[in-house]
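The sequence shown: position 40 = 39 (numbering that gives the first Met the number 0), numbered continuously. First up is the structure itself, then whatever we jot down about it.
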Amino acid sequence: MSDPAKVRRHAERVRELVASVVRSQIKDPRLGMITITDARITADLRDATVFYTVLGDAVAQADTAAALESAKGLLRSTVGKALGLRHSPTLTFVLDDVQDQVKHIDDLLAAARNADAEVQRIAAQAKYAGEAQPYRVDDETDEADEVDEATDAKETPRGGETR
């Protein structure tokens with residue numbers, strides 16, 4: 000097992016190397032406006048997953064995936080030489096759909112906000128079904144009870160014994 004900090008450093012280095020090679024060395028016309036967003040590498044440093052986003056529609060995404068797949072050998076050899084490991088990690092490219100997930104979550108939050116506003120609007124117009132104070136309040140009996148309790152407290156000695 001490798002040190003987790005070492006694995007993170009290697010993953011960051013893989014991300015930087017792949018981004019650099021994609022920007023400078025790959026001249027495939029199918030390669031679209033690509034951004035390498037993240038890279039993860041297994042603890043044994045043999046498999047690396049590279050996440051990327053592509054600006055454009057589904058056709059541009061498919062073309063970019065094909066271009067990355069065809070350049071996988073060049074990318075793997077460059078990463079292997081730069082990392083100086085015994086085995087070059089195999090590269091797997093995964094389309095990062097974070098933007099789609101963010102849009103979906105924003106849509107859900109907007110729907111929840113609209114539903115809350117509707118509930119608030121309905122609650123503002125609501126009226127009590129009965130009286131505003133449904134419980135009977137007798138001010139006179141409450142005062143009489145307090146006076147009786149005070150009198151009982153004066154007559155009973157401290158220890159609770161009656162003389």
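C-beta: ideal position from N, C-alpha, C; glycine also.
Identify the continuous beta strand (DSSP E) that holds residue 8 and give its terminal residues. Taken as a continuous stretch (DSSP letters only), residue 8 belongs to no beta strand (DSSP E), being part of the alpha helix (DSSP H) at 3-23.
Report the residue from 94, 16 and 120 whose alpha carbon sits nearest the alpha carbon of residue 83. 16
In chain order, which continuous runs of the beta strand (DSSP E) of length 3 or greater are located wholly inside the stretch 52-108? 89-94
DSSP three-state label for residue 136, please. coil
Do the stretch 124-132 and the stretch 83-102 meet, that is, are 3 or more Cβ pairs less than 8 angstroms apart? no
Which class does residue 123 belong to by DSSP, given the choice of helix, strand or coil? helix
Taking 7 angstroms as the threshold (C-beta atoms), are residue 9 and residue 40 in contact? yes
Does the ligand GDP have even one heavy atom less than 6 angstroms from the beta-carbon of residue 118? For the structure depicted, the ligand GDP is absent and the ligand set is empty, with no information on it obtainable.
Please report how far the alpha carbon of residue 98 lies from the alpha carbon of residue 131, in whole angstroms. 50 angstroms
Can you list, in chain order, the residues of its chain whose CB lies under 6 angstroms from that of residue 67, leaving out five sequence neighbours each side? 92
Report the rounded CA-to-CA distance for residue 111 versus residue 100, giving the unit in angstroms. 16 angstroms
Count the other CB atoms within 10 Å of the CB of residue 34; is the residue buried (16 or more) or exposed (fewer)? exposed
Among 72, 2 and 37, which one has its Cα closest to the Cα of residue 95? 37
Residue 30 and residue 63 closer than 7 angstroms at C-beta: yes
Indicate the three-state DSSP secondary structure (helix, strand or coil) for residue 27 in the structure shown. coil
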